[in-house]
Amino acid sequence: MLEHGGRLRQAARRYGIPLAEWVDLSTGINPRAYPAPPLAPEVWQRLPETDDGLEAAAAAFYGNSLLLPVAGSQAAIQALPTCFAPARVLTLAPTYAEHPHAWRGHQIRAVAAEQIAAALGEADILLLVQPNNPDGQRFSRDQLLGWHADLAARGGCLIVDEAFIDADPADSLVPHAGRPGLVVLRSVGKFFGLAGARVGFVFAEARVLEALAERLGPWAVSGPARRVTAAALADMAWQAEARRSLADHSRRLADLLDAHGLGGGGGTALFQWRPTPRARALHEQLAAQGILTRLFEAPAGLRFGLPASESEWARLAAALAES
Numbered sequence: 001m002l003e004h005g006g007r008l009r010q011a012a013r014r015y016g017i018p019l020a021e022w023v024d025l026s027t028g029i030n031p032r033a034y035p036a037p038p039l040a041p042e043v044w045q046r047l048p049e050t051d052d053g054l055e056a057a058a059a060a061f062y063g064n065s066l067l068l069p070v071a072g073s074q075a076a077i078q079a080l081p082t083c084f085a086p087a088r089v090l091t092l093a094p095t096y097a098e099h100p101h102a103w104r105g106h107q108i109r110a111v112a113a114e115q116i117a118a119a120l121g122e123a124d125i126l127l128l129v130q131p132n133n134p135d136g137q138r139f140s141r142d143q144l145l146g147w148h149a150d151l152a153a154r155g156g157c158l159i160v161d162e163a164f165i166d167a168d169p170a171d172s173l174v175p176h177a178g179r180p181g182l183v184v185l186r187s188v189g190k191f192f193g194l195a196g197a198r199v200g201f202v203f204a205e206a207r208v209l210e211a212l213a214e215r216l217g218p219w220a221v222s223g224p225a226r227r228v229t230a231a232a233l234a235d236m237a238w239q240a241e242a243r244r245s246l247a248d249h250s251r252r253l254a255d256l257l258d259a260h261g262l263g264g265g266g267g268t269a270l271f272q273w274r275p276t277p278r279a280r281a282l283h284e285q286l287a288a289q290g291i292l293t294r295l296f297e298a299p300a301g302l303r304f305g306l307p308a309s310e311s312e313w314a315r316l317a318a319a320l321a322e323s
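Residue 251 in the numbering used here is what sits at position 251 of the sequence shown, and the numbering runs on without skipping anything.
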């Protein structure tokens, strides 16, 4: 099992701090989640149906109807490698660890961003997270499409995980998915703050979607999760306000970290990444004060999610001042 953020109960036991007293900054999830609407009893009682409006809402929101709903993009991450013959897979280092973990049955190589172009000729599949987790690295749409064209011309594939792109989707490749050799993953867990619903989408050509659906089986997404997600995808007013608010709060977080000597790094609208040789010590110091961050060992660094309230902002500022 790989380590992930959000293990608040585990932290509460380890540090002896009651669960309710924590500030959880260990995930890149919007702390002001979409307000889930009440659901009729029959939504809980009936099996999920594919004509309930979710696919239509997703096609309208993302701009592509060649899609498959999945139980969070994690389900696709784990199943996609089985849809491909043994391949040479190129990915970024560092990146979301579940991706290379899932492709262990293939020949996988991790490189820095500036090495991708030179290494692409020896790869069958390029696997990227856009923007990257944990450092926020982004690639332009033109660059990604150029790499895709190179791979597709020789029967290869570009797979892009866009779990964190919803707050600023300008470079999304979803409108281009459906071309041979292009697979794009999206998630409602981060931007919409609905991580517990476990809903994501895969955009790809029909044969890839069919192979993936065969592996995942029927009823991959629960009925209640489908209804809540369809409502969130259709609520354009909420989305616009969330994008504005997240951008403001991300800048505020970056400024706060910079002011306390944690410069460099990068981030997205949902988190800030700070490389530092003090990562483990700082992680422990903050945890001892009931503030949970996401620790990375290689390279050493901390990822900070967004505080949910002014009291949480104040606690983080005070804890950083003492560290």
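Glycine is no exception: its CB is placed at the ideal position from the N, C-alpha and C atoms.
Pick from the options that is closest to residue i, judged by C-alpha positions
| i | options | result |
| --- | --- | --- |
| Ser-187 | Ala-298, Ala-232, Trp-273 | Ala-232 |
| Arg-227 | Arg-198, Gly-217, Ser-172, Ala-213 | Arg-198 |
| Gly-200 | Gly-181, Ala-220, Ile-159 | Ala-220 |
| Leu-68 | Ala-85, Arg-294, Val-208 | Val-208 |
| Pro-134 | Arg-141, Pro-299, Leu-185, Trp-313 | Pro-299 |
| Ala-12 | Ser-323, Glu-284, Ser-309, Ala-318 | Glu-284 |
| Pro-169 | Gly-146, Ser-140, Phe-84, Leu-182 | Ser-140 |
| Leu-54 | Val-70, Gln-45, Ala-76, Trp-44 | Val-70 |
| Gln-78 | Ala-213, Leu-39, Leu-262 | Ala-213 |
| Ala-85 | Leu-262, Ala-237, Ala-211 | Ala-211 |
| Leu-306 | Gly-267, Ala-281, Leu-282, Phe-296 | Gly-267 |
| Ala-75 | Phe-164, Leu-185, Gly-223, Glu-114 | Leu-185 |
| Gly-189 | Ala-225, Asp-171, Arg-179 | Ala-225 |
| Asp-258 | Asp-150, Phe-192, Pro-275 | Pro-275 |
| Ala-281 | Phe-192, Ser-323, Ala-254, Arg-244 | Ser-323 |
| Ser-222 | Phe-191, Arg-46, Val-23 | Arg-46 |
| Asn-132 | Ala-279, Ala-112, Ala-118 | Ala-112 |
| Phe-296 | Ala-308, Ser-309, Ala-279 | Ala-279 |
| Phe-192 | Asp-24, Ser-245, Pro-218, Ala-117 | Ser-245 |
| Asp-255 | Phe-304, Leu-145, Gly-217 | Phe-304 |
| Gly-264 | Ala-204, Ala-308, Gly-136, Ala-97 | Gly-136 |
Between the CA atoms of residue j and residue i - distance to the nearest angstrom
| i | j | result |
| --- | --- | --- |
| Val-89 | Asp-166 | 26 Å |
| Arg-154 | Leu-127 | 16 Å |
| Thr-82 | Arg-138 | 27 Å |
| Pro-35 | Ala-242 | 12 Å |
| Ala-321 | Arg-9 | 26 Å |
| Arg-32 | Ala-317 | 20 Å |
| Arg-315 | Thr-95 | 29 Å |
| Asp-52 | Asp-235 | 17 Å |
| Glu-49 | Asp-142 | 38 Å |
| Ala-93 | Leu-302 | 16 Å |
| Leu-173 | Ala-40 | 36 Å |
| Pro-38 | Trp-44 | 11 Å |
| His-148 | Glu-21 | 47 Å |
| Pro-277 | Leu-262 | 11 Å |
| Ala-110 | Glu-42 | 47 Å |
| Gln-239 | Ala-163 | 15 Å |
| Glu-312 | Leu-182 | 41 Å |
| His-99 | His-260 | 33 Å |
| Ala-117 | Ala-195 | 34 Å |
| Glu-310 | Arg-7 | 23 Å |
| Val-202 | Pro-218 | 15 Å |
| Gly-146 | Glu-122 | 16 Å |
| Ala-204 | Gly-28 | 25 Å |
| Ala-319 | Val-23 | 11 Å |
Cβ separation of residue i and residue j, assumed to be a contact under 8 Å, to the nearest whole Å
| i | j | result |
| --- | --- | --- |
| Ala-177 | Asn-64 | 6 Å |
| Ser-26 | Leu-292 | 5 Å |
| Arg-294 | Gly-5 | 4 Å |
| Ala-57 | Ala-237 | At roughly 15 Å, the Cβ-Cβ gap does not stay under 8 Å, so Ala-57 and Ala-237 are not in contact. |
| Leu-120 | Asp-150 | 6 Å |
| Pro-180 | Ala-152 | 6 Å |
| Ala-206 | Leu-80 | Contact flag wrong, Cβ pair sits at about 15 Å. |
| Pro-130 | Asp-171 | In the sequence under discussion, the amino acid at residue 130 is Gln, which differs from the Pro named in the question. Going by Cβ atoms, the distance from Gln-130 to Asp-171 rounds to 7 Å, so yes, they are a contact pair. |
Any non-hydrogen atom of the ligand HEM within 7 Å of residue i CB
| i | result |
| --- | --- |
| Gly-261 | No copy of the ligand HEM appears in this structure; indeed no ligand is present at all. |
*May I ask you to verify whether the region 260-280 touches the region 48-68, counting CB pairs closer than 8 Å and requiring at least 3?*
no
*Identify every run of the beta strand (DSSP E) within the region 56-91, keeping only runs that are complete inside it and at least 3 residues long; order them along the chain.*
67-70
*Are three or more beta carbon pairs between the region 146-162 and the region 120-136 nearer than 8 Å?*
yes
*So, do the region 279-290 and the region 16-23 have three or more beta carbon pairs nearer to each other than 8 Å?*
yes
*In chain order, which continuous runs of the beta strand (DSSP E) of length 3 or greater are located wholly inside the region 142-183?*
157-161
*asked:* Using a Cβ distance threshold of 8 Å, determine whether the region 102-122 contacts the region 249-262, with at least three qualifying pairs required.
replied: no
*Can you list, in chain order, the stretches of the alpha helix (DSSP H) that have 4 or more residues and sit fully within the region 234-284?*
236-259
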